[in-house]
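Note sheet for the following structure.
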Amino acid sequence: MQRLREALVKTIPAECFVNGSSISESGRSFSIKLARDEQVLAAKLDHPAMNWPESQKVCDAVFLCCLPDRDELLVALVELKGTDVRDARKQIEATSRALCNRQKALKQAHTQPVKAAVQLLGKMGHGKGVLGVIVSAVGLPLDYKERAKIWKNYKIIFWTKSGQAREMSCRELAGKFRG
């Protein structure tokens, strides 16, 4: 994961990376408890060093999970929210577009050094999409049609956790992603 971190520094400044595997903000927290064969890399995307334009909506963090039994990295975009969960969804969608350089977005995460670092981990990218995780005081009501539209347009599957999210493993988090 260190090579991946070094490769991502062109997209995510070094001071944005988190030591460990948890973030806290606004009275909410999200944490990954690593099993012995799991690896995780986390970065705060709303850190001032990211230097986003003022109008750019971004979520709080990205977690990259490496599991030995998966061919892809699990990418989780995490937003810690109080009650405005609709805004959280928009932040995750905008972050996904910006990081993946869709629709002439702001950042380019899929550079050759990043691809090479992912391959050194024995992985083939992040598969079909990303997991959007919202930790909030209330859940995000999404019906089937809305979920299908989000998947079609953004390749994001949302999982919401009301209250405080308990510490979970990368494998448990991967179980939330059915892409």
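Residue numbers (the numbering used here): -9 to 169. Built from N, CA and C at the ideal position, the CB exists for glycine as well.
With DSSP collapsed to three states, give me the class of residue i.
{"i": "E44", "result": "coil"}
{"i": "K97", "result": "The predicted model places K97 with a pLDDT of 41, which falls under 50 and marks its position as unreliable; any figure quoted below should be read in that light. Coil at K97, not helix or strand."}
{"i": "E69", "result": "strand"}
{"i": "C49", "result": "coil"}
{"i": "I82", "result": "helix"}
{"i": "I2", "result": "coil"}
{"i": "F7", "result": "strand"}
{"i": "R(-7)", "result": "helix"}
{"i": "L163", "result": "helix"}
{"i": "D77", "result": "helix"}
{"i": "L111", "result": "coil"}
{"i": "E136", "result": "helix"}
Report the residue from the options whose alpha carbon sits nearest the alpha carbon of residue i.
{"i": "K71", "options": "R(-5), M114, E157 and S19", "result": "S19"}
{"i": "I140", "options": "Q81, S126 and L111", "result": "Q81"}
{"i": "R87", "options": "D77, D59 and K47", "result": "K47"}
{"i": "V65", "options": "K0, R76 and V108", "result": "V108"}
{"i": "A25", "options": "S11, D36 and G17", "result": "S11"}
{"i": "V125", "options": "S14, M114 and A84", "result": "S14"}
{"i": "S16", "options": "L35, T1, D50 and K142", "result": "D50"}
{"i": "K142", "options": "K113, N9, V123 and E83", "result": "E83"}
{"i": "R173", "options": "Q(-8), M(-9), D59 and V123", "result": "Limits of the chain in this structure are -9 at one end and 169 at the other, which puts residue 173 out of reach."}
{"i": "T1", "options": "S45, T85 and V30", "result": "T85"}
{"i": "P58", "options": "E69, A78 and M114", "result": "M114"}
{"i": "L31", "options": "L111, F53 and G165", "result": "F53"}
{"i": "A164", "options": "R(-5), S45, K135 and R60", "result": "R60"}
Could you please give me the residues that DSSP links to residue i through a beta bridge?
{"i": "S19", "result": "S14"}
{"i": "Q29", "result": "C56"}
{"i": "M158", "result": "I22"}
{"i": "K34", "result": "A51"}
If I'm right that residue i touches residue j with Cβ under 8 Å, what's the distance once you round it to whole angstroms?
{"i": "R161", "j": "E28", "result": "7 Å"}
{"i": "F7", "j": "A39", "result": "Not really, about 10 Å apart at Cβ, beyond 8 Å."}
{"i": "I22", "j": "C56", "result": "Contact flag wrong, Cβ pair sits at about 11 Å."}
{"i": "A(-3)", "j": "A106", "result": "7 Å"}
Taking only beta-carbon positions, decide if residue i is within less than 7 Å of chain C.
{"i": "G72", "result": "Going by chain labels, chain C is absent from the structure shown, which holds only one protein chain."}
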